[in-house]
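See structure below.
There are 2 protein chains.
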Amino acid sequence: MTELSELHEAPAPSHAGLDVGNVDELHEAITAQDKTRIRELLDLDLEHPAELADRLEQLSHSDRKTLAELCPDVFSPALLAELEDDVVEDVLPLLSSRQISRAMEELESDDAVQLFEELSDEAREEVLEELPEQERREIEESLSFDEETAGRLMQREFVAAPEFWTVGQTIDHMREQGERGGDNLPEKFFDVYVIDAHFHPIGYVPLSTLMRSQRGTLLRDLMDTNLTVITPDMDQEDVAYLFEKYDLISAPVVDADGRLTGMITVDDMVEVIQEENTEDMLALAGVSEAGLVDTVADTVKARAPWLFVNLLTAMLASSVISLFQNEISQLVALAVLMPIVASMGGNTGTQALTVAI
Amino acid sequence: MTELSELHEAPAPSHAGLDVGNVDELHEAITAQDKTRIRELLDLDLEHPAELADRLEQLSHSDRKTLAELCPDVFSPALLAELEDDVVEDVLPLLSSRQISRAMEELESDDAVQLFEELSDEAREEVLEELPEQERREIEESLSFDEETAGRLMQREFVAAPEFWTVGQTIDHMREQGERGGDNLPEKFFDVYVIDAHFHPIGYVPLSTLMRSQRGTLLRDLMDTNLTVITPDMDQEDVAYLFEKYDLISAPVVDADGRLTGMITVDDMVEVIQEENTEDMLALAGVSEAGLVDTVADTVKARAPWLFVNLLTAMLASSVISLFQNEISQLVALAVLMPIVASMGGNTGTQALTVAI
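Sequence lines, in order, name chains A and B.
For the first sequence, full-length UniProt numbering begins at 1 and goes up steadily by one.
For the second sequence, full-length UniProt numbering begins at 1 and goes up steadily by one.
Listed below in structure tokens is the structure:
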């Protein structure tokens, strides 16, 4: 196991995301404004952004503010993409619009849109002005789709090739793009979409198939035509359903004319599935979303309405019962049975609702 | 949109998985033992196995039995991997152990184990005898890990290369494997694991990185050493957490000596996440899993225990109240307030439990 100890090992579930000791040290270093110590604790080159995000999520707002002033470069594009939505909302006002627009340029377009969504209206204006023409148009187009639809989730970077290309041509094309800085290639991709002359997707070739095929083979002969096509107005839950059903790793998104305009990858879907499941579960108990970072007031605000409705209905039930005060005083056994009826009714209802969801 | 109409388009959520008309026709064809019509309705070459599975899941047991007698080839390895667990359990006794062992040979090892798990004890013996030596040993080894652990989920097919190989060598190696029938390459893979002389994983190269790099580049210079390594005894929920946190597409599994023995891919994780979420949600309402295919008796059996416990506690509450019959008869208003107290208490409890989960 010695060789393995250098690797990023899977954390034990018990301390996953809650490495409190280190966070306390970090808090002290920030309070002392000790830049060197902060840099030591945040090993930006080696640490996975997801882990850095876990730690910054545990800092207080004022700590994050001091950190943004001392070392603004800690808030790298990769880190911003990993932070939870409400922490991003808290951090973005601390950064310059220049830094935010740079991050948006560097990120894939789906992550850029997610970042942009957390900006205040004024900040949005400023950041849009800093963006190059094309990026700005793309962001605006993405925002034109409803929240929680495929249009918001898709990235505009994908790899497409005509059906008459060979495996060799396709690989050479990608190498050439890679050499030129790879700006036109997505950071991660898993399938090459095969398109016809009208830019309509007609099939796909998984990279693993491309890898095991001879250079002379035509894409036409390799491609899987059983293609699941997503439209931008599709609800994210339906997209997740298709990914699960067909074991998809990525899927092409087409515009109203059926032309390829984007791609959705499975890692975004994993997030959506978790999100939708949490939503369903919270809705079942009548609690709206309240994260660990929320204050007591937020939590009370989130949970009170449902409890209040519950109080009203219970009072209504009581007032009905009070109409029968005389009868009850004659036959007290009735009152004794009341909790049984109420409890069984409520429980059966919850079970039915859960199974239906 | 005409070009698109030939493609497999995303189904509207309303009829997704419940295309009743077609299933009725299928039922009639099976009852009439009309092989030609059955073949017409089940277009095995064109239809996605996931869709075929959806339809067969809606048939009755006797229909499935007749179908297995008339056209056993309908139950292809790909279809068996897509069917829901309880339907697989229902279908397997209808197939010959020869057909089942063939399916297990053809499937990736993780799907083969899942199939094997649904067999009765006798059938397991028979099927194991039909399997080639190596496959049998692998199945037995997989079964030695607990259910719901990484060991059960992993597949034994993966792609590994030493760090001193170049991109060109790696691709040539894969092409050669592909030409020889590709038996040693997994059907789908997304990363090449880089190993040292002891077969310990020391990094990985995503296929998309391999694609955009020049043939002469060494894997050592390309690889990402920030590797998340899974051990076979890890709980599937913890594995899913790692996939979500680090946006993984695949992860290597190592044995006790740190040697690469398998791989877990994200499509299996999507299933696990759904499964675990459903479990959590059902547990919250005190309902154990009961699928759409279950009979009324199954459902009653699944839900009754919790309702019974609930009845007991309600009766306990009532008996406490009955101790105070005299007091209540003196002050009936007390009885009127009881539902308010009970209801608020129950609801607050459910909210707290849901948020904690």
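For each residue, glycine too, the CB sits at the ideal point set by N, CA and C.
- Query: Does the segment 186–199 of chain B come close enough to the segment 159–176 of chain B to have 3 or more Cβ pairs within less than 8 Å?
  - Reply: yes
- Could you run through the segment 64–80 of chain A and flag, in chain order, every residue whose CB is less than 9 Å away from some CB of chain B? If you check each beta-carbon in the segment 64–80 of chain A against every beta-carbon of chain B, none falls closer than 9 Å.
- Under 7 Å by beta carbon: chain B residues contacting TYR246 (chain A): HIS48 and ALA50
- Task: Using a Cβ cut-off of 7 Å, pull out every chain A residue sitting near LYS188 (chain B), in sequence order please.
- Result: PRO206 and SER208
- Message: Buried or exposed for SER319 (chain B), going by 16 or more other Cβ atoms inside 10 Å?
- Response: exposed
- Item | Proximal chain B residues relative to residue 361 (chain A), where beta-carbon distance stays under 8 Å | The displayed coordinates of chain A run from 1 to 357. Any statement about residue 361 (chain A) would go beyond what the structure contains.
- Query: For VAL194 (chain B), which residues from the same chain have a beta carbon less than 8 Å from its beta carbon, with the 5 sequence-adjacent residues on both sides left out?
  - Reply: ALA160, ALA161, PRO162, GLU163, PRO201, ILE202, GLY203, TYR204, VAL205, LEU219, ARG220 and MET223
- Message: Quick check on the burial criterion: 16 or more other C-beta atoms within 10 angstroms. Buried or exposed for VAL229 (chain A)?
- Response: buried
- Message: If we require 3 or more residues per run, which beta strand (DSSP E) segments fall completely within the segment 154–236 of chain B?
- Response: 160–162, 191–195 and 201–206
- Just how far apart, CA to CA, sit ARG152 (chain B) and ASP111 (chain B)? 10 Å
- Roughly how far, in whole angstroms, is the beta-carbon of GLU130 (chain B) from the beta-carbon of SER109 (chain B), given that I think they are within contact range, below 8 Å? Not confirmed; about 16 Å, so no contact.
- For THR149 (chain A), does the count of other Cβ atoms within 10 angstroms reach 16, so buried, or fall short, so exposed? buried
- Message: To be precise: take each residue of the segment 209–225 of chain A, compare its Cβ to all Cβ atoms of chain B, and keep it if any distance is under 9 Å. Which residues remain?
- Response: Those residues of the segment 209–225 of chain A that come within reach of chain B (Cβ to Cβ, closer than 9 Å) are THR209, LEU210, MET211, ARG212, SER213, GLN214, ARG215 and THR225.
- Residues that VAL253 (chain A) contacts on chain B, provided the C-beta gap is smaller than 7 Å: Within chain B, no residue has its beta carbon less than 7 Å from that of VAL253 (chain A); the closest one is some 11 Å off.
- Message: Three or more C-beta pairs under 8 Å: does that hold for the segment 231–247 of chain A against the segment 165–181 of chain A?
- Response: no
- Task: Identify the contact partners of ASP280 (chain A) in chain B, using a Cβ-Cβ distance below 9 Å as the criterion.
- Result: ASN277 and MET281
- Message: Just to confirm my understanding: we take VAL266 (chain B), look at its own chain, exclude 5 residues before and 5 after, and list those with CB closer than 7 Å. What are they?
- Response: PHE243, LEU248, ILE249 and SER250
- Query: DSSP beta-bridge partners for ALA68 (chain B)?
  - Reply: None, per the DSSP bridge assignment.
- Which two residues bound the contiguous alpha helix (DSSP H) that contains LEU131 (chain A)? Counting along the chain, LEU131 (chain A) falls outside any alpha helix (DSSP H), and DSSP gives it neither H nor E.
- Message: Taking 6 Å as the limit between beta carbons, can you name the residues of its chain near LEU26 (chain B), skipping five residues before and five after?
- Response: LEU41
- Query: Could you give the distance in angstroms between the alpha-carbon of THR217 (chain B) and the alpha-carbon of VAL239 (chain B)?
  - Reply: 32 Å
- For ILE249 (chain A), the three-state DSSP class (helix, strand or coil): coil
- Message: Please state the DSSP three-state secondary structure of VAL341 (chain A).
- Response: DSSP, read as helix, strand or coil, puts VAL341 (chain A) in helix.
- Drop a sphere of 10 angstroms on the beta-carbon of VAL300 (chain A), count the other beta-carbons inside from all chains shown, and report buried for 16 or more, exposed for fewer. exposed
- Task: Using alpha carbons as the reference points, say which of B:ALA78, B:SER144, B:ILE171 and B:ARG259 lies closest to ASP196 (chain B).
- Result: B:ARG259
- Own chain partners of ALA29 (chain B) with C-beta closer than 7 Å, once the 5 adjacent residues on each side are dropped: ARG37, ILE38 and LEU41
- Message: So for GLY151 (chain B), helix, strand or coil by DSSP?
- Response: helix
- Mind reading off the beta-carbon distance from ILE340 (chain A) to ALA314 (chain B)? Whole number of angstroms is fine, and I expect it under 8 Å. Confirmed, about 4 Å.
- Query: If we ignore side chains and look at the alpha-carbon of each, how far apart do LEU292 (chain A) and ASP73 (chain B) end up?
  - Reply: With a pLDDT of only 47 at LEU292 (chain A), under 50, the local geometry of the prediction cannot be trusted, and the value read off the model is given with reservation. Going by C-alpha positions, LEU292 (chain A) is about 53 Å away from ASP73 (chain B).
- Query: Shortest alpha-carbon distance to SER213 (chain B) belongs to which of A:ASN310, A:PHE199, A:GLY178 and A:GLN236?
  - Reply: A:GLY178
- Nearest to residue 363 (chain B) by CA position, among A:VAL113, A:ASN22, A:VAL23 and A:PRO49, is which residue? Because residue 363 (chain B) is not part of the residues shown, which for chain B are 1 to 357, the question remains open.
- Message: Whether or not the segment 84–94 of chain B and the segment 55–72 of chain B are in contact is what I'm after, with contact meaning three or more pairs of Cβ atoms, one per stretch, closer than 8 Å; do they touch?
- Response: yes
- Item | Min CB distance VAL270 (chain A) to chain B below 9 Å | yes
- In terms of residue numbering, what span does the alpha helix (DSSP H) encompassing LEU46 (chain B) cover? Unbroken run through LEU46 (chain B): none, as it is neither H nor E.
- Task: Please go through the same chain and pick out, in chain order, the residues whose beta-carbon is closer than 8 Å to the beta-carbon of LEU83 (chain B), but skip the five residues on each side of it.
- Result: ALA53, LEU56, GLU57 and VAL91
- Task: For ALA81 (chain A), count neighbouring Cβ atoms within 10 angstroms of its own Cβ and tell me buried if that reaches 16, exposed if not.
- Result: buried
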